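Working notes, beginning with the structure itself.
Numbering (the numbering used here), first residue to last: 16 to 184.
Structure representation (structure tokens):
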């Protein structure tokens, strides 16, 4: 079992898949298909985060906060890549301006700033969703203990064939 799976409770492909759930919003926003503040934009922003939290509550990784922060960081990378690929579609031929600076320098500065901003946005999104996941995880465990139920770790370990199986007991 990899360190990531032991610590985060999910395989790396599963973490990437969870982050990818938030990627359609980036594409649809940059292509001006959805407008900020509209119900579709809100759903595209919130539903993936709910899925992240639900996945953590279902799998019960040992460190739910860290798990969701990592998902958020992966989302930040996807956000940065998406914005770079769709730069011209999002801003048009002229793009944003910084004043009387050489246009090539402006574009380089703005693209680097967009990458940094995307990474910070992804991480902060993961921090907020991770805090929610951590609090809800503690509440679920507390209720199970109060009800006298077992609070064993539910994350699955691979069997000899490489498939995952639920814990025995």
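Every residue gets a Cβ at the ideal spot worked out from N, C-alpha and C, and that includes glycine.
Predicted model only: the values in this text are computed from it and were never measured.
Residue from the options with nearest C-alpha to residue i
i, options, result
"residue 130", "100, 150, 145", "100"
"residue 84", "154, 127, 23, 155", "23"
"residue 103", "34, 37, 116, 42", "42"
"residue 97", "64, 132, 69", "132"
"residue 147", "105, 54, 58, 66", "66"
"residue 37", "105, 29, 62, 68", "62"
C-alpha gap between residue i and residue j, whole angstroms
i, j, result
"residue 121", "residue 127", "10 Å"
"residue 71", "residue 152", "8 Å"
"residue 51", "residue 21", "38 Å"
"residue 123", "residue 95", "14 Å"
"residue 149", "residue 93", "24 Å"
"residue 73", "residue 46", "34 Å"
"residue 118", "residue 35", "33 Å"
"residue 26", "residue 136", "23 Å"
"residue 107", "residue 44", "14 Å"
"residue 69", "residue 53", "24 Å"
"residue 154", "residue 80", "14 Å"
"residue 142", "residue 105", "27 Å"
Beta-carbon proximity check, residue i vs residue j, cutoff 8 Å
i, j, result
"residue 60", "residue 78", "no"
"residue 31", "residue 89", "yes"
"residue 87", "residue 138", "yes"
"residue 33", "residue 91", "no"
Spatial neighbours of residue i in its chain, beta-carbon cut-off 6 Å, leaving aside the 5 residues before and after
i, result
"residue 76", "23, 24, 82, 170"
"residue 56", "49"
"residue 140", "87"
Buried/exposed call for residue i, threshold 16 Cβ in 10 Å
i, result
"residue 58", "exposed"
"residue 144", "buried"
"residue 64", "buried"
"residue 28", "exposed"
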